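Asker: Each protein sequence line maps, in turn, to chains Y and H. Counting in this note's numbering, the first sequence runs from 327 upward without gaps. Counting in this note's numbering, the second sequence runs from 158 upward without gaps. Quick reminder that beta carbons are idealized off the backbone N, C-alpha and C, glycines included. All figures in this text were calculated on a predicted structure; none of them were measured in a lab.
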Amino acid sequence: MYLNNFEYFAPETPGEALDLVARMGNKAKVLAGGTDLLIMMKEKMIQPEYLIDINNVKEFKGISYEPGKGAVIGAATKISEVEHSPVIRDKYFALHQAAGELGSAQVRAMATIGGNSCHASPAAETPTPLVAFGAKIVISSVSGDRELPLEEFILGNRKNALAEGELLTQFILPEPAPKSASRYWYIGLRDAMEIDAVNMAVNMVLENDGRTVKDLRLVMGSVSPRPLVSVEVPGILVGKEFNSELVEKAAQAAAGEAKPISDIRASAEYRREVTAVLARRLLQQAFDAAREV
Amino acid sequence: MKQLIELTINNRVYEVPVSPKDLLADVIRDKVGLTGTKKGCGQGDCGACTVLIDGNPVLSCLTLAIACQGRKITTIEGLVAEDGQLHPIQQAYVDHGAVQCGFCTPGMILTSKALLDRNPKPSEEEIKRGISGNICRCTGYKKIVEAIFAAGETISTEGVK
Ligand SMILES: Cc1cc2nc3c(=O)[nH]c(=O)nc-3n(C[C@H](O)[C@H](O)[C@H](O)COP(=O)(O)OP(=O)(O)OC[C@H]3O[C@@H](n4cnc5c(N)ncnc54)[C@H](O)[C@@H]3O)c2cc1C
Ligand code: FES
Ligand code: FES
Chain Y
327 MYLNNFEYFA
337 PETPGEALDL
347 VARMGNKAKV
357 LAGGTDLLIM
367 MKEKMIQPEY
377 LIDINNVKEF
387 KGISYEPGKG
397 AVIGAATKIS
407 EVEHSPVIRD
417 KYFALHQAAG
427 ELGSAQVRAM
437 ATIGGNSCHA
447 SPAAETPTPL
457 VAFGAKIVIS
467 SVSGDRELPL
477 EEFILGNRKN
487 ALAEGELLTQ
497 FILPEPAPKS
507 ASRYWYIGLR
517 DAMEIDAVNM
527 AVNMVLENDG
537 RTVKDLRLVM
547 GSVSPRPLVS
557 VEVPGILVGK
567 EFNSELVEKA
577 AQAAAGEAKP
587 ISDIRASAEY
597 RREVTAVLAR
607 RLLQQAFDAA
617 REV
Chain H
158 MKQLIELTIN
168 NRVYEVPVSP
178 KDLLADVIRD
188 KVGLTGTKKG
198 CGQGDCGACT
208 VLIDGNPVLS
218 CLTLAIACQG
228 RKITTIEGLV
238 AEDGQLHPIQ
248 QAYVDHGAVQ
258 CGFCTPGMIL
268 TSKALLDRNP
278 KPSEEEIKRG
288 ISGNICRCTG
298 YKKIVEAIFA
308 AGETISTEGV
318 K
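1. Alpha carbon to alpha carbon, how far is Glu342(Y) from Ala402(Y)?
2. For Ala425(Y), which residues in the same chain have their Cβ closer than 6 Å to its Cβ, ignoring the five residues on either side in sequence?
3. Mind listing the chain Y neighbours of Leu219(H)? Cutoff is C-beta to C-beta under 8 Å, in chain order.
4. Which residue comes first and which comes last in the beta strand (DSSP E) that contains Leu209(H)?
5. Please tell me whether, using a cut-off of 8 Å, the distance from the CB of Lys368(Y) to the nearest non-hydrogen atom of ligand 2 is below it.
6. Please tell me whether, using a cut-off of 8 Å, the distance from the CB of His282(Y) to the nearest non-hydrogen atom of ligand 1 is below it.
7. Output the residue ranges of the beta strand (DSSP E) runs that lie fully inside the segment 391 to 434 of chain Y and measure 3 residues or longer, sorted by chain position.
8. Following the continuous alpha helix (DSSP H) through Asn442(Y), name the residue where it begins and the one where it ends.
9. Under a CB-based cut-off of 9 Å, is Val184(H) close to chain Y?
10. Flag this pair as yes or no: are the beta carbons of Gly396(Y) and Phe386(Y) separated by less than 9 Å?
11. Distance check for Glu595(Y) and Pro340(Y), CA to CA, integer angstroms please.
12. Since Phe335(Y) sits in a beta bridge, which residues does DSSP pair it with?
13. Any idea what DSSP makes of Glu451(Y), helix, strand or coil?
14. Please list, in chain order, the residues of the segment 534 to 554 of chain Y that have any C-beta partner in chain H closer than 7 Å.
15. Would you mind reading off the limits of the alpha helix (DSSP H) that contains Tyr298(H)?
16. To the nearest angstrom, how far is the alpha carbon of Ile210(H) from that of Val189(H)?
17. Whole-angstrom Cβ separation of Leu579(Y) and Ala507(Y), contact assumed at under 8 Å?
18. Three or more C-beta pairs closer than 8 Å, one from the segment 244 to 264 of chain H and one from the segment 300 to 318 of chain H: is that the case here?
19. Just mark Cys261(H) as buried or exposed, buried being the case when its beta carbon has 16 or more other beta carbons within 10 Å.
20. According to DSSP, which residues form a beta bridge with Ser467(Y)?
21. Which ranges would you report for the beta strand (DSSP E) in the segment 210 to 269 of chain H if only whole runs of at least 3 residues count?
22. Near ligand 2, which residues have their beta-carbon less than 6 Å from any of its heavy atoms, given in chain order?
23. With burial defined as no fewer than 16 other Cβ atoms inside 10 Å of the residue's Cβ, what is the status of Ile230(H): buried or exposed?
24. Where does the unbroken beta strand (DSSP E) through Tyr596(Y) begin, and where does it stop?
25. Am I right that Leu191(H) and Glu234(H) are in contact with their C-beta atoms under 8 Å? What's the rounded C-beta distance?
26. For Ser269(H) and Pro586(Y), I'd like the C-alpha separation in whole angstroms.
27. So with Cβ pairs under 9 Å, would you call Leu493(Y) a contact of chain H?
28. With contact counted as at least three CB pairs below 8 Å, one residue from each stretch, are the segment 193 to 207 of chain H and the segment 595 to 604 of chain Y in contact?
29. Over the uninterrupted alpha helix (DSSP H) stretch that includes Lys575(Y), give me the two end residues.
30. Which one of Ala348(Y), Asn330(Y) and Val557(Y) has the shortest CA to CA distance from Glu490(Y)?
31. Tell whether a beta-carbon distance below 9 Å holds between Leu572(Y) and Leu563(Y).
32. Would you verify that the beta carbon of Ser280(H) is, or is not, closer than 9 Å to some beta carbon of chain Y?
33. Return yes when at least one heavy atom of ligand 1 lies under 8 Å from the C-beta of Leu476(Y), else no.
34. Give a yes or no on whether 9 Å exceeds the smallest Cβ distance from Phe386(Y) to chain H.
35. Could you check if Asn442(Y) belongs to the surroundings of ligand 1, using beta carbon to heavy atom distance under 8 Å?
36. Quick one: residues with CB closer than 5 Å to any heavy atom of ligand 3, in chain order, please.
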C-alpha cells in the first residue's frame, strides 16, 4: 500500500502547469484529487516518475455562470463545490444530483470534476449528466486550447482523448433551454459508497403548451464502455405529446440500446431491466419538473 | 529525496522531513507522533484516517503530505480545548455511548464536525448520508447518529464552534 518514488511539482499558474505537462510528457501524471490516481499507484498499476499537482492553480478551479450563456466549471473544481453550488442546483439539477451521489463526503471534498471524466470509468457519476447537458470541454496545452464535446473525449474504460502534453481545463455547459428540466439517478447494490450498476440522466425541453416534447437527451452510464447517448428515445418522444404509452415504448427502447456486461455488481440481464426502470422514472420526473418551469 | 516541509496541525507548526511519496496519515502518526488519526483500509473506503484540511473532511491515506504545506490541518487531538475540555461532539459521543473499540471514532468525529459546520441541524437522513464514508464495526451506527444529532443541538444553542 505504498507509493513508488516520484518527483513532485506544484505549479501555481496555468502557464507553469502547461509547461511542466509539455516537458515531462508520459513520464508524468497529473494529480488532481488523487482519489483514483493514488489508488492506482498504491496498486502498482502505474508508477509515474513525476506528479504535477494542479490544485494550486486557481484558474483551473471554480464555477462561473452568465445568464444566457451558461456555466463554466474549472476542471480542478471539487465535486463538493459542484454539489453545493446554488447555480448548478438551479440550472443543472441532474449534475447537482450526480455530484451529491459520488462517493462519500470525504471523497467529494477531494475528488475533482475533471478527474472524474479523465479517469473515464464507465460507472462514473458526473459524465452522464454532463453529456446530457451537451457539455463541451476545453483541452489546453502550450500550443493553445481546443474544444470537444465531452462524449467525444471519453473513449472507453480509462481512455480519454488527451494527447501527450495536454490538460483538461474546463467544462462549458450551455444555458438550459426555456421550459426544460433535468434529472439523474442510479441503481446500485446499496445506497452509499456504491459503484453504480446503471446510471442515467435525462434533459428534457417542452414546447410552450407544456405537453409536447421539443427536445430530449437521455444518457446512460455503466451500460457501455462510455456514456451512451440514446438515439431511439428522442425519436419516440420528440414532437409528440408526452404520455405513458410513449414513455413505456421509450423505456424499452433505452433498454434495447444498452450494451451492458455481467460482472460482480450485476448481470447484464439485470442491468437491462433497470435501464428501463430508470428511463421510465426519469422521463416522468423530468417532464413533471419541466412543466413547472 | 527527503525535504523539510512545514505542516500546520492543530494550530501548531511542525517541521518534518518527507519524501513526495509520504502520505499524510503516515506523517501525522509516525513523524509528528499524533496517533489519534487511524489508518484502516488505506484506499478511501473506511474513513478512519479522516482529518480536516481547511475545514473539509479529507482522507489522509490518499493525501500526499507534501501537498499540505500552507494548509490548516485539524486532527482529533485538535478538538480538545486547551483546558482539556472535550469538544461538544466528543462529549456527545461519550454521553450517548457512541464509542466502543474506538478505532473509527476519530475519523467519525471529524466527519461529524465537517457535517455540523455546514449544517448544524441535520435530519437523521442527512446524518446517515454524511457519515456514509466512515465504517464502524462495533456500534451499529445508531448511537453515533444520536450523538451527532445531540451535538448539533448543543452547538446551535450554545454557539460553540
Ligand atoms: C472510496 C471511493 C469512492 C468513490 N466513489 C465514486 C463514485 O461513487 N462515483 C464516481 O464516479 N467515482 C467514484 N470514485 C472515483 C473517484 O473519486 C472519481 O473518479 C474522481 O472524480 C476522480 O477525481 P480526482 O480529482 O480524484 O482524480 P485523480 O485521481 O487526481 O486523477 C484521475 C486521473 O485523471 C487524470 N487527471 C485528473 N485531472 C486531470 C486534468 N485536469 N487534466 C488531465 N488529466 C487529469 C490523472 O492524471 C489521473 O490519471 C471513488 C473513489 C474512492 C476512493
Ligand atoms: S484508511 Fe483512509 S479511508 Fe480507510
Ligand atoms: S467503535 Fe469500533 S469500529 Fe466503531
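Answerer: If we stick to the structure as given:
1. 15 Å
2. Ile405, Val408 and Glu409
3. Gly360, Thr361, Leu364, Ile365 and Met436
4. Thr207 to Ile210
5. no
6. For residue 282(Y) there is no data in the structure shown, the boundaries of chain Y being 327 and 619.
7. 396 to 400
8. Ile439 to His445
9. no
10. no
11. 46 Å
12. Ile378(Y)
13. coil
14. none
15. From DSSP, Tyr298(H) is part of no alpha helix (DSSP H); its letter is neither H nor E.
16. 16 Å
17. The displayed chain sequence assigns Ala, not Leu, to residue 579(Y). That pair is no contact at about 21 Å.
18. yes
19. buried
20. Gly470(Y)
21. 213 to 216 and 229 to 231
22. Lys196(H), Gly197(H), Cys198(H), Gly199(H), Gly201(H), Asp202(H), Cys203(H), Gly204(H), Ala205(H), Cys206(H), Leu216(H) and Cys218(H)
23. buried
24. Where Tyr596(Y) is concerned, there is no enclosing beta strand (DSSP E), although the alpha helix (DSSP H) it sits in stretches over Ala594 to Glu618.
25. 5 Å
26. 38 Å
27. no
28. no
29. Ser570 to Glu583
30. Ala348(Y)
31. yes
32. no
33. no
34. no
35. yes
36. Gln257(H), Cys258(H), Phe260(H), Cys261(H), Cys293(H), Arg294(H) and Cys295(H)
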